[in-house]
Amino acid sequence: MVAINDKKKSNGRLVAMGCTYEPWIALLEQAGWKTHCCYDLRTADAILEEYSPCVCIVDLSNNDFSLNSISQRASKTKHVKWIAIIKKEQLKIDSICQFINNFCIDFFSTPIPTSQLLDTAGHQLGMLEIESTSWADENYQCEVGLYGESKSIKHLRDMVKRVSMTDVNILLSGEQGVGKELIAKTIHKLSKRRNDDLTIINCSSLSDSDQRTCFLDPQKNMDDSGIIKSGTILLNSVEELSTSLQLKLLNHFQQPENEKLNDQGCFDVRVITSSSVDLEQAVKNNTFNKELYYRLNVFHVAVPTLRERGADIILLAEYYLQKFSKEYSTRSMHYSEEAKQLLLRYNWPGNVRELINQVKRVSLLNDSNEVNLEHFDLPKKTNAKQSLRTIKDEAEKDVLVTMLETHKGQVASAAKDLGVSRATMYRLLNKHNIIPDVRYYNGGYAAE
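42 is the number of the first residue of the sequence shown in my numbering; add one for each residue after it.
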C-alpha cells in the first residue's frame, strides 16, 4: 500500500467529479497528490484523458450528474480507478448499485471516513503502478480478440497471461470463429519466444510426406534447410491429423528433451494445438489417439463463444466499426439502439469472425452516420435444427432483454413485472450472461 504521508511515494493523480474542496482533498494534496475538481461533464473527457492513469472519485450523493452520462465516461476510460460517494439510502436504488458493481473498485457513504478513503486511494495508486506493466500489450490484445469486460473474457486473459511464460503444451478448444488462432498469436507474443517465428499449420492440408512435419523428427531437422527449428508452431484443427501423423506427434512428445536438439542445440519448438471438436469424444470414438490427447491437454484453454460474452458483443462491434471506418476512410458511424439490441439477441453461430464480417460489410456499404437494422445481412429465419432446449433458452433470453429494455435497466422493476423475485431475476441474468448495463439503455433512472 502507498503511504499517504510519504510525499515521495505518492505523486498520484486524482480527479474529483462533483466534489467540493473538502478536507480529504487538501490532505491528498499535502501528501503529494495532484488533484483536479471537475463540475462540468463537458470537460470531463479531456481531464480524464490528461490525468490518466488516475483515481477518479465521483460524488453521486447530490444527484448533480446524469448517472447515464457518468457511466458512459466510466466505460470509455482506460487506466482509471473509480470510487463512488453516495448516501446510505441510495444503496436501495438498482441503477446506483449497478454502476458501482460495473465500474467502481470501492464506494463510501456520507459522512466520508477520511482515513479509509485516503488508504483506498493510496492502495489503488499502487495497483495502477503494478498494472502499468501489462498496458503495453493492451492494443495487441484488442486486435487479437481478447478485448472485452465479460467474466469469460477476463478469465481467458488471465489464463493466457499465466500460460504464455511457460513451455507447457497447450490445447485451444472452441467453436469455429471464436479466435483460437488469434489466441495462439497472443500466447506467442507474450512468451519468451516472441522474437522467433510463429508458424501456423492447418492439419487438414498435411500429408505424411509434407516437409512441414519434419519438426517432429530431429534427425531430418538437422540436415534439411528451411525447416522450422525454433519458435512456436500452431497445429490448427489437430483432429484432422492422420493416424500416422498422430503417432509421429506422440513420438515427438515422448522423446527426452536432449534428443529433440540437433548438433547445434537449436531445435527448440513449442507446439500449440487447436480443435473445434470434442477431442475427448474423439478418443472415445477411436478417431484420435488417447495418449496423444493427454500429451496435448497439459493446459487446456477453452475459448468462449461470442454469445457467452454478453455486452462484449457491443464493445467489439463498436471497436471494429471504428477500426474499419479508419481503414476504409469512411465516415465515422454509431449504432442505433435497435441495432444494438439486434446484435445482443442474435445467436452468432460464426462467433467473432461472423461479427467482424458483418461490421466490415456495414463499414463499406453504409453511407449514413448511423447503423440501423437494415444495414446488417443477418439470417431472417432461425435454424430449423435447433434443439428444443436452445429454442427455449433463446426465448427466455429475449424476454429478459425486452423486460430490461422496457424498465430501462432497472432489475427490480423488471423482476416485479415478470412476477419473479429479484434473486431469481439475477440468477436468470447470470444464466444468459446478460448485464443490465446502464450504457445500453436510454431514458431516466431513479438516481438521475
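Where a beta carbon is used, it is the ideal one built from N, C-alpha and C, also for glycine.
Of the residues the options, the one placed nearest residue i, counting alpha carbons only
{"i": "A455", "options": "M444, A436, I241 and F294", "result": "M444"}
{"i": "F417", "options": "Q451, T207, L362 and A225", "result": "L362"}
{"i": "D199", "options": "G460, V342 and H77", "result": "V342"}
{"i": "E411", "options": "K438, E379, L385 and L419", "result": "E379"}
{"i": "G272", "options": "I241, R234 and Q295", "result": "R234"}
{"i": "I66", "options": "D160, Q139 and N142", "result": "D160"}
{"i": "H293", "options": "D238, N210, S250 and P152", "result": "N210"}
{"i": "S283", "options": "N330, Q295, D319 and N326", "result": "N330"}
{"i": "E395", "options": "N413, L419, R386 and K117", "result": "L419"}
{"i": "K75", "options": "I124, A162 and K129", "result": "A162"}
Rounded straight-line distance, which links the Cα of residue j to that of residue i
{"i": "N46", "j": "V400", "result": "Confidence is the limiting factor: at N46 the pLDDT is only 38, short of 50, which leaves the residue's position unreliable and the question unanswerable from this model."}
{"i": "C79", "j": "F144", "result": "19 Å"}
{"i": "I146", "j": "P94", "result": "15 Å"}
{"i": "Q165", "j": "V96", "result": "7 Å"}
{"i": "R114", "j": "D86", "result": "7 Å"}
{"i": "L276", "j": "M374", "result": "38 Å"}
{"i": "I194", "j": "V201", "result": "10 Å"}
{"i": "L68", "j": "G167", "result": "18 Å"}
{"i": "S248", "j": "V279", "result": "13 Å"}
{"i": "E332", "j": "V310", "result": "20 Å"}
{"i": "S245", "j": "F106", "result": "57 Å"}
{"i": "V312", "j": "K122", "result": "38 Å"}
{"i": "H120", "j": "A57", "result": "16 Å"}
{"i": "G73", "j": "S150", "result": "25 Å"}
{"i": "T155", "j": "E70", "result": "14 Å"}
{"i": "A436", "j": "V344", "result": "25 Å"}
{"i": "P390", "j": "P64", "result": "55 Å"}
{"i": "A323", "j": "Q295", "result": "21 Å"}
{"i": "H448", "j": "D238", "result": "52 Å"}
{"i": "T61", "j": "Q451", "result": "30 Å"}
{"i": "R402", "j": "E415", "result": "12 Å"}
{"i": "Q139", "j": "I476", "result": "9 Å"}
Per DSSP, cross-strand counterpart(s) of residue i
{"i": "C60", "result": "Answer is none; C60 lacks a bridge partner."}
{"i": "T273", "result": "L239 and R311"}
{"i": "C97", "result": "V56 and W123"}
{"i": "A343", "result": "S214"}
{"i": "K75", "result": "R54"}
{"i": "E411", "result": "H375"}
{"i": "S150", "result": "I127"}
{"i": "C145", "result": "W123"}
{"i": "S245", "result": "According to DSSP, S245 bridges with nothing at all."}
Counted within 10 angstroms of its Cβ, other Cβ atoms place residue i as buried (16 or more) or exposed
{"i": "L213", "result": "buried"}
{"i": "L55", "result": "buried"}
{"i": "N109", "result": "buried"}
{"i": "Q287", "result": "buried"}
{"i": "L285", "result": "Before going further, note that residue 285 is Ser rather than Leu in the sequence given. Answer is exposed; the Cβ neighbour count stays below 16."}
{"i": "Y92", "result": "buried"}
{"i": "R468", "result": "exposed"}
{"i": "M206", "result": "exposed"}
{"i": "N243", "result": "exposed"}
{"i": "V204", "result": "buried"}
{"i": "I171", "result": "exposed"}
{"i": "N327", "result": "exposed"}
{"i": "T84", "result": "exposed"}
{"i": "S266", "result": "Note that S266 scores 46 on pLDDT, short of 50, meaning its location in the model is unreliable; the coordinates nonetheless yield the value given after this. The residue in question, S266, is exposed, as its Cβ has fewer than 16 Cβ neighbours within 10 Å."}
{"i": "T118", "result": "buried"}
{"i": "N407", "result": "buried"}
Proximity of residue i and residue j at Cβ, strictly below 8 Å
{"i": "A352", "j": "D135", "result": "no"}
{"i": "N392", "j": "G189", "result": "no"}
{"i": "A358", "j": "Y376", "result": "yes"}
{"i": "I137", "j": "L101", "result": "yes"}
{"i": "V23", "j": "G53", "result": "Lying before the first or after the last residue shown, residue 23 is absent from the chain, which here runs from 42 to 489."}
{"i": "R350", "j": "S232", "result": "no"}
{"i": "V461", "j": "Q382", "result": "no"}
{"i": "C366", "j": "S404", "result": "It is worth fixing the name first, because residue 366 is Ser in this sequence and not Cys. Yes, the Cβ-Cβ distance between S366 and S404 is below 8 Å."}
{"i": "Y334", "j": "L347", "result": "no"}
{"i": "I7", "j": "I88", "result": "Look at the range of the chain in this structure, 42 to 489, and you will see that residue 7 is not part of it."}
{"i": "S112", "j": "K221", "result": "no"}
{"i": "I355", "j": "L384", "result": "yes"}
{"i": "R386", "j": "D439", "result": "yes"}
{"i": "T227", "j": "L187", "result": "yes"}
C-beta neighbour in chain B for residue i, strict 8 Å
{"i": "I397", "result": "Of the protein chains in this structure there is only one, and it is not chain B."}
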